[in-house]
Every structure is written in structure tokens, then in C-alpha cells.
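Notes follow the structure.
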Amino acid sequence: MKWRIPAFVYIPLLMLAVLVLFTFPFLSSHHLLFMGDITTSDITELNFPSRNLLSTSLKEGGLPLWDPDIGCGFPLHAEGQSGILYPLNLLMFRFLSPVLAFNLSVVVSLFLALLFTYILSRFYGLTRPSSLFAAIAFTFSGFVVAKLKFTYMVNSIAWLPLAVYGLEKALRSRKLKFLALTTSALALQLLAGGPQIFFITLLLLTCIFAWRLVFLLREAGSGTAGSRLRSAIRLSLCFIIAALLAISLAAPQFLPQVVGYPYFNRSSGMDFNAALCMPMQPKSLSLFFSPYQHGNPARGSFNLQRHLFWEDIAYPGLLTLVLSLIALIFLSRKDRDVTLWFLLGLISLLIALGDNTPLAEFLWKYIPGFNMFRFYQRFMLVTVLGMSLLAGKGLDYVLRTHAGSRVFRMGIAFLALAVLVADLGLFAHAQISSIDADKMLAPSETTQLLKDNLGDDGDYRYASLGEDLAWKKAYEQAEGWMNDKEPYYSYYTFLPPNFNDNFSLPNTQQYGAYGLTSVKALWGLTYYGRSTEEGGASRLPQCVSAALAIQGAKYVVSPLSLTGNGLREIETDDTGVIGLTRHIYELEDAVPRAAVYTSYEVVENADFLTLNQLDDLLSPAARVKERVILEDEPPPLFEPAEENTGSARIIHSSANKVVVEADVPQGGVLVLSDAYFPEWHAYVDGEEREIMKANIAFRGVALEPGVHTVEFVFRPSSLYYGFFIGATSLVLLFLVLLYGNKTRWLAFPLP
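With the first letter of the sequence shown counted as 1, position 362 gets the number 365 in my numbering; the numbers rise by one all the way through.
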């Protein structure tokens with residue numbers, strides 16, 4: 004008897020071998036995965052800083068629920084992409100170094116995608132070689148590889164095949180316990196920080212369920228119309244309950260997101276053009292066949308002003324295209340799965356084409372949720388999964404129909420896998436790079452200057468202006484992100500938004516288009532006022548100076564040569580990048596983080612004013628020190644006065660608590676220029692008091708005359724309720740697993 008290595012051993016080993024071939028550039032604790040973007044890198048200015056903060060907090064025994072150093076304070080727990088409660092993140096960032104944990108979070112996600120796609124393929128009847136082919140084609144497709152820069156998205160994508168498998172297995176076996184896999188996968192997608200991937204997955208599952216339900220009821224045998232209707236209703240209820248249970252399991256992430264949503268700048272949804280956001284054009288369909296036909300952004304040869312390569316690309320490999328076409332031609336009439344995945348892939352591709360077809364706009368108008376997300380190209384996730392499964396079917400057909408002996412068939416299968424790995428590997432290694440994390444994170448002179456001057460308790464902040472121009476210069480000199488990294492090390496000395504989190508330096512700004520509405524109003528004013536030629540001197544408009552001052556920006560770091568009232572240049576450095584000079588300015592009119600006002604002006608809904616209205620409200624810049632802007636009349640605890648009297652001093656400042664000592668002889672309004680958010684509470688001398696929205700975006704508390712100790716405490720009740728709901732849902736899920744198939748009302752009731 005010959006000894007054979009069991010499949011459950013050699014298949015994972017093969018997967019690991021392929022995984023190493025694709026990810027070895029960043030399998031390190033000192034070199035960080037690095038991929039650029041149009042004006043920056045999501046990895047180094049969004050994903051890694053937040054994970055670095057998570058690592059620090061976990062090692063100190065806490066969670067980073069509120070980040071005081073970005074955007075004048077930001078509720079991380081309410082941001083759907085944070086991933087701070089994702090179990091794999093909690094495990095890896097607790098025990099590993101931040102760089103290694105970050106890299107491994109990507110590697111583990113890719114392995115899970117391989118494994119779950121393989122399991123799904125086996126469920127559809129594919130042989131082991133064909134299942135492995137489908138798994139590799141999906142996991143290392145151009146779509147997934149290009150999304151490695153969006154780490155939270157890759158963490159979420161990994162669970163999509165498992166969600167589909169759980170639903171398909173439950174419907175075929177009539178066993179509810181498999182639906183628990185779908186529930187768990189959906190919950191993990193939300194916890195991983197992928198609400199858009201969750202949305203796409205839920206729509207995909209709904210389509211699959213509807214397709215299967217029609218055929219299940221048609222093939223249910225004899226039975227009255229009423230019994231079939233009851234069966235359909237009960238099946239649908241099981242599916243809906245599974246989805247709701249998934250949301251409940253993820254309640255610690257989902258509930259804070261719901262509570263915070265009205266305060267974010269996308270709370271009213273987006274118009275269709277904003278949702279499309281540089282939509283995919285028909286000519287980009289050629290990227291399915293020739294991924295670098297129009298250039299490669301990683302080499303600096305792709306025009307990023309009109310198209311986003313990483314959104315438009317979905318390259319699954321040439322052999323994948325050929326084999327999926329074979330499956331479509333020869334199997335579609337007799338294999339229902341081929342028809343299903345062809346239709347799903349085609350519909351998703353039509354959505355991805357945005358306004359080039361009527362489908363996307365129709366869904367945006369009539370399907371809830373479509374107006375909450377940008378980049379409809381991401382629906383190609385379903386297209387790529389469908390093509391990968393069809394390619395597996397096609398390979399099986401070729402092996403079954405045209406191959407001879409077993410050895411010959413295995414040779415053909417090996418050749419197909421080798422061609423696929425080589426094809427996708429060449430694509431991936433023209434995209435995936437790494438950067439020396441030690442060098443990138445080494446404190447610069449700018450970092451030290453700000454640390455020495457911003458105050459121990461964060462009395463002031465700094466602002467970044469024109470960092471996008473600095474990135475552009477670095478990107479052009481480096482010719483993409485695959486080559487020389489020296490220009491990027493120079494770029495990071497500008498301390499762009501969120502990168503400052505690595506050094507615990509408070510910045511007025513936050514990376515990305517998503518943020519708190521009121522703070523975004525001030526950012527918009529900042530960028531609206533900056534109209535200057537690259538490298539040319541420009542006078543900083545009064546409204547911009549005022550917007551910076553009101554946020555407590557005592558220093559400005561910029562590649563721009565600026566002048567303006569109260570703006571003094573204190574340092575200039577040549578960065579070594581051609582045409583790029585680093586300037587550091589001091590803004591003399593900056594308002595301290597804690598300040599007292601006795602004069603106020605009531606302006607309703609100030610955070611919804613137009614840029615011109617904000618300009619009129621804040622200019623000239625000196626006005627921001629003279630009076631506070633409130634949305635409502637304050638409590639009658641003091642008499643307004645023309646001249647501000649009193650003082651405030653921060654005596655304690657941490658992420659979730661700020662203590663201010665205020666001396667107000669005539670009373671007044673204490674303003675803490677930290678972002679207003681409803682889960683902050685204020686206590687004046689131990690008694691809770693209402694927090695007013697002050698100076699458009701910040702917190703204000705009315706005080707009667709005297710000396711007071713004011714505590715601002717962050718108590719995210721939505722998170723606590725979320726944990727309770729999640730724990731209850733977990734117990735319910737276990738009960739379903741234990742008793743679901745023994746309880747008649749939970750069993751699938753087909754005639």
C-alpha cells in the first residue's frame with residue numbers, strides 16, 4: 004500500500020507556497036507594504052497609523068476609541084473602516100510589532116481568501132486542481148492585488164467566499180447550521196472595516212438566494228400553492244434573520260457607526276456623480292486583457308488625472324479568461340451554476356461601468372445604500388469571483404474531455420496553475436512594493452520642533468497645507484512607488500494628516516474625504532482659500548488664517564511659500580526633492596485649545612454655511628479671538644461683555660478625558676477646540692452640564708462667575724450597548740447551531 008499525503012495537508016501547503024511567492028516583498032518586521040495613490044498613500048497615511056495606534060493601545064490595556072491627534076479629535080469607534088474590533092487585528096497587534104502585524108494582517112487575509120474560495124469551488128463540484136486554480140485566480144487577481152493599499156478592504160474581501168459557501172451549503176443540505184457560516188462571515192466583514200464590501204456581499208447573497216429559491220420551490224415536488232408560498236416565506240425569514248444576526252454580532256462596530264452617522268459629512272448620502280467619483284470608462288475594459296496597456300502607476304506611467312488604475316483594474320489572468328469562456332460555451336446549458344455566476348458577474352460589471360449604462364443610476368435611485376458609497380468599480384469583486392469559478396469549471400471540462408491518462412491530466416493541471424501563477428505574479432510584482440519602516444518612522448527635525456513647542460497637554464496643534472503638492476513632487480521624482488524611496492522619506496517629513504499619529508502630534512486635519520461635517524467645513528475653507536501656483540509665493544487669505552487659528556493651529560507645515568498677517572516663517576529646508584522646499588510657519592493669532600469668551604454670536608447651523616458665508620463670518624482673522632460662535636443662546640449664567648475676561652488652563656489631557664481649570668470672574672463660555680461629538684460629556688465641579696457646539700465644530704460649556712474645574716469625559720454608550728447586543732447575538736448563534744436542526748420551525752420547510 005502506497006503512502007499518500009492527504010489533501011488537507013498538501014493543499015494548504017501549496018497555498019502557502021503560492022502566498023509566499025506573491026507576498027515576500029513585505030514579509031518583514033522592518034519593511035512595510037507600500038503602494039501609492041493619486042495624492043498620497045492610504046497605507047502610510049490612513050491604515051498603518053490607525054493600526055499603529057491600535058497596537059500601542061492594546062499593549063497598554065485599552066482600545067483607541069477616540070483619536071485626539073487627527074482632525075481636532077475623531078471618533079475611531081464610529082468610523083466604519085477602523086477595524087479596531089476585528090478579532091485578527093486584536094490578536095496580531097496585541098502581540099506583534101506594528102509593522103509585522105500590519106503586513107501579516109494582509110498575508111493572513113490573502114490566505115483566508117485562498118482557502119475559502121477553494122472550499123466554495125469544491126462545493127460546486129470542482130476537482131482539487133481546478134479549485135486551486137479558481138482560488139488563485141480570485142485571490143491574486145488584479146482587483147484584489149490593487150486593493151492591498153486598502154487594507155481594511157482586503158481584510159473584508161477574504162470572508163466573501165465563505166459567506167457564499169454558507170448560504171449555498173445551507174440551501175442544498177437543508178441544514179441551518181451552515182447558514183451560521185454566512186452570518187459569521189458577514190459580521191467579520193463589518194468588524195474588519197469593510198462596510199462597502201459587506202453591502203456588496205449582502206446584495207450578492209440576496210441574488211443567489213432568490214435564484215436558488217425559485218428552483219428549490221419549482222423542484223419541491225407535489226404541494227399546494229399555499230404550502231409553497233409558506234415555504235418561500237419561511238426560507239426568506241431564515242435568510243433575513245441570518246443577515247440581521249450578522250449585523251447584531253457586529254453591533255460593537257455597527258451601532259457606534261449608526262449613532263455617529265448623522266454627524267459625518269456623508270449623512271445625507273451623495274449625489275450620483277459624487278458616488279461615481281471618476282467612473283470606469285468602456286476603454287478600461289481592455290484592462291481585463293492587458294493590465295498595463297495604458298501604463299502602470301507604480302512606475303509613474305499611468306495618467307491618474309482621469310482614471311484610477313486601482314479602481315478600474317480587475318485582471319484575472321489571460322488563462323482565466325479563456326477557461327471561463329470555455330465553461331460558458333460548453334457548460335452553460337447543463338450547469339446552472341455557470342449560468343448563475345455568469346449573470347452575477349455581468350450585472351456587477353454593468354454596475355461598475357457607472358453612468359455608461361443606466362443600471363448604476365437606477366440602483367442609486369431605488370436601492371437603499373447605493374448612495375452611501377463611492378467607486379462602483381468595486382462591484383467587479385463579484386465579476387472576478389464569478390470568472391474565477393467559471394475558469395475552474397472550464398479547467399475541469401478540459402481535463403475531463405480532452406486529457407488522457409491521470410498523469411497527463413495532472414500535467415495539464417500543473418501547467419495551467421504554473422501559467423496562472425506566473426501571469427498574476429508578474430502583474431503583482433509590478434504593483435507591490437515595500438518601504439523601510441524604520442527610516443520612514445524616524446523622527447525628523449520637524450517632528451522634534453513641533454514636539455518641543457505644541458505643549459505637553461496639546462495646548463496647540465499644527466496644520467498641513469499643500470501636502471498633496473509635496474506627494475506629487477516625490478511621486479514624479481521616484482517615478483512611481485516601485486523604485487527609489489528617498490523622495491518619499493522626504494515627503495513624510497511634512498507630517499501629512501494622520502501620519503502624525505505615529506508621533507502623537509495633534510493635527511487640525513484628517514486624511515481622506517470622510518469626516519465630521521462640522522470639522523470638514525473648516526477644512527473646506529482652508530483649501531478653498533489656498534489658490535497659489537506651485538512653488539510661488541501667496542498671501543494667505545484672512546479666512547484661511549481664521550480657520551487655522553480657530554482650530555488652534557499654531558504652526559503650519561507646507562511646501563508653499565506663504566505670507567499673511569500674523570504668519571511668520573521660522574524654518575526653511577531643502578528636502579532633496581527637486582522643486583520641493585519645506586516651510587514651517589508660526590501663526591501668531593492661533594487660539595489656545597482651551598479659551599474663555601464673554602462675547603458671543605449666535606449663528607444657526609454654522610457647519611452648513613457655504614464657503615463664502617464662512618469667509619464673511621470668520622474674516623478678519625482677529626475676530627476669532629474676540630467672540631465665540633454658538634448655534635443657540637447659552638444658558639443665562641453670565642452677562643455678555645465686549646471684552647473677554649478670564650483664563651483657562653488644561654491640567655490633564657488624554658484620549659478619553661480632558662480636564663480644564665477655568666478662572667472666569669464674570670462668567671462666560673469655556674471653549675475646548677476639540678471636535679464636537681454627542682458621546683462626550685462635560686462636568687463642571689462634578690455636576691454634568693450641557694455641551695454646546697461652539698466655533699462651528701467644537702465644544703463649549705457655559706460657566707457662572709468663579710473658578711471651576713471642567714472635565715470632558717468620553718463615554719461611548721453606543722459601544723457599550725453594542726457589546727451587549729453582540730454578546731447576546733453570539734449566544735443566540737450558538738443556540739441556533741445546537742438546536743437549529745432539531746427545531747422544526749427553524750428547519751428548512753420544503754414540501
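Using N, Cα and C, we set each Cβ at its ideal position, and we do this for glycine too.
| Check | Outcome |
| --- | --- |
| Report the partner residues of F1 according to the DSSP bridge assignment. | Summary: the structure shown does not reach residue 1, with the chain confined to residues 4 through 754, and so no result is reported for it. |
| Name the one or two DSSP bridge partners that T651 has. | Note that residue 651 corresponds to Ala in the displayed sequence, not to Thr. In the DSSP output, where bridge partners are listed per residue, A651 has A665. |
| Assign F98 to buried or exposed, taking buried as 16 or more other Cβ atoms, counted over all protein chains shown, within 10 Å of its Cβ. | exposed |
| Sort S447, L118, A550, N503 by Cα distance to L614 and report the nearest one. | A550 |
| Just checking, does the region 559-578 make contact with the region 425-441 on the three C-beta pairs under 8 Å criterion? | no |
| Using a C-beta cutoff of 8 Å, does L706 count as contacting chain B? | Of the protein chains in the structure, only one exists, and it is not chain B. |
| Quick check on the burial criterion: 16 or more other C-beta atoms within 10 angstroms. Buried or exposed for H33? | exposed |
| Which first and last residues belong to the alpha helix (DSSP H) in which S53 is found? | 51-62 |
| Please state the DSSP three-state secondary structure of H33. | coil |
| Give me the Cα-Cα distance between I14 and S436, rounded to the nearest whole angstrom. | 27 Å |
| Going by Cα to Cα distance, which pick from S602, E607, A445 is closest to V627? | S602 |
| Across the region 373-386 and the region 302-322, are there enough close Cβ pairs to call them in contact, namely three or more that are closer than 8 Å? | yes |
| Which residue or residues does DSSP assign as beta-bridge partners of I3? | No statement about residue 3 is possible, as the shown extent of the chain runs from 4 to 754 and does not include it. |
| Taking 8 Å as the threshold (C-beta atoms), are A394 and F136 in contact? | yes |
| What residue range does the beta strand (DSSP E) around S676 cover? | 671-678 |
| Does Y494 pass the burial test, meaning 16 or more other C-beta atoms within 10 Å, or should it be called exposed? | buried |
| When you compare each of F96, L252, Y400 to L191 by their alpha carbons, which one comes out closest? | L252 |
| Could you check the C-alpha separation between A730 and A81 for me, to the nearest Å? | 19 Å |
| What residue does the beta strand (DSSP E) around Y517 start on, and which one ends it? | Neither: Y517 is in no beta strand (DSSP E) and is coded neither H nor E. |
| Tell me the DSSP secondary structure of P164 in three-state form. | helix |
| Work out the CA separation of L675 and V661 for me, nearest whole Å. | 9 Å |
| By how many angstroms is the C-alpha of A249 removed from the C-alpha of A188? | 8 Å |
| Rounded to whole angstroms, what's the CA-CA distance from L498 to M38? Just pull it up for me. | 18 Å |
| Could you give the distance in angstroms between the alpha-carbon of P198 and the alpha-carbon of Q84? | 7 Å |
| Measure how close the beta-carbons of V713 and V739 come, nearest whole angstrom, since I'm counting them as under 8 Å. | Between V739 and V713 the Cβ distance is about 49 Å, and since that is not below 8 Å, they are no contact. |
| Identify every residue that forms a DSSP beta bridge with N510. | Y465 |
| Between the alpha carbons of N299 and G428, how many angstroms are there, rounded? | 15 Å |
| Let me know the secondary structure DSSP gives G539 once reduced to three states. | Here G539 scores only 47 on pLDDT, less than 50, and its place in the model should not be relied on; the value that follows carries that caveat. Three-state result, G539: coil. |
| Please classify M283: is it buried, with 16 or more other beta-carbons within 10 angstroms of its beta-carbon, or exposed? | buried |
| Is T386 buried or exposed, if buried means 16 or more other CB atoms sit within 10 Å of its CB? | buried |
| Can you tell me where the alpha helix (DSSP H) with R585 in it begins and where it stops? | R585 -> not in any alpha helix (DSSP H); beta strand (DSSP E) instead, spanning 584-590. |
| Mind reading off the beta-carbon distance from P595 to G569? Whole number of angstroms is fine, and I expect it under 8 Å. | About 15 Å separates the two Cβ atoms, so there is no contact after all. |
| Assuming T342 and S335 make a contact with CB atoms under 8 Å, what is their CB distance in whole Å? | 5 Å |
| What does a CB cutoff of less than 7 Å around N505 pick up in its chain, not counting 5 residues either side in sequence? | P52, N55, L444 |
| If you run the structure through DSSP and keep just helix, strand and coil, what is W367? | helix |
| Does DSSP put E693 in a helix, in a strand, or in coil? | coil |
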